[in-house]
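Visitor:
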Amino acid sequence: MDYKQRVYRVVKKIPKGKVSTYGSISKYIKGVTPRMVGRALHTNPDPASIPCHRVVDRDGKVAEHFAFGGWREQRRRLINEGVGFIDPTHVDLGKHSWQSKK
DNA sequence: CTCTTGACCATGT
DNA sequence: AACATGGCCAAGA
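Residue numbers (our numbering): 3 to 104.
#1: Going by DSSP, which residues form a beta bridge with valine 93?
#2: How about serine 102: is its Cβ closer than 6 Å to a heavy atom in the ligand MN?
#3: Whole angstroms are fine: how far does the CA of aspartate 94 sit from the CA of proline 36?
#4: Assuming arginine 41 is part of the alpha helix (DSSP H), what are its boundary residues?
#5: Looking only at its chain, what residues have a beta carbon closer than 8 Å to the beta carbon of valine 21, apart from the 5 residues adjacent to it on each side?
#6: Go ahead and pull the three-state DSSP assignment for lysine 103.
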């Protein structure tokens, strides 16, 4: 299986109202680095099934120019799911960080 | 095939 | 917290 498929599989598991980070995902999949996670989502083959808006960087900061047409759209969806923002571009990782259980 | 770039991260400033 | 640097590895030119 390609590394992308593994990444997608994990991202799809992120429950509603939670967010995860590229680093966490990369740690949980052996042989995959944070960059590869980002690249996998960049080449996102099925955005309708892959909740990439629930993935943020280590600081909780969202991707400003990618994710579904803009960080505002991403933020709108997250807020709609109950994820809190500490400022316009940073989600509250302390309360909503999620980790895949191996 | 080589070179550059990049949805990142850790560390230092 | 924000910015800069080095490292990681894959995809694009």
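Using N, Cα and C, we set each Cβ at its ideal position, and we do this for glycine too.
Guide: This is what the structure holds:
#1: BP columns for valine 93 point to Phe87.
#2: Ligands in the displayed structure: none, and consequently the ligand MN is not present.
#3: 20 Å
#4: Element bounds for arginine 41: 36–44.
#5: Arg56, Val57, Val58, Gly62, Leu80, Val85, Val93, Leu95, His98, Ser99, Trp100
#6: coil
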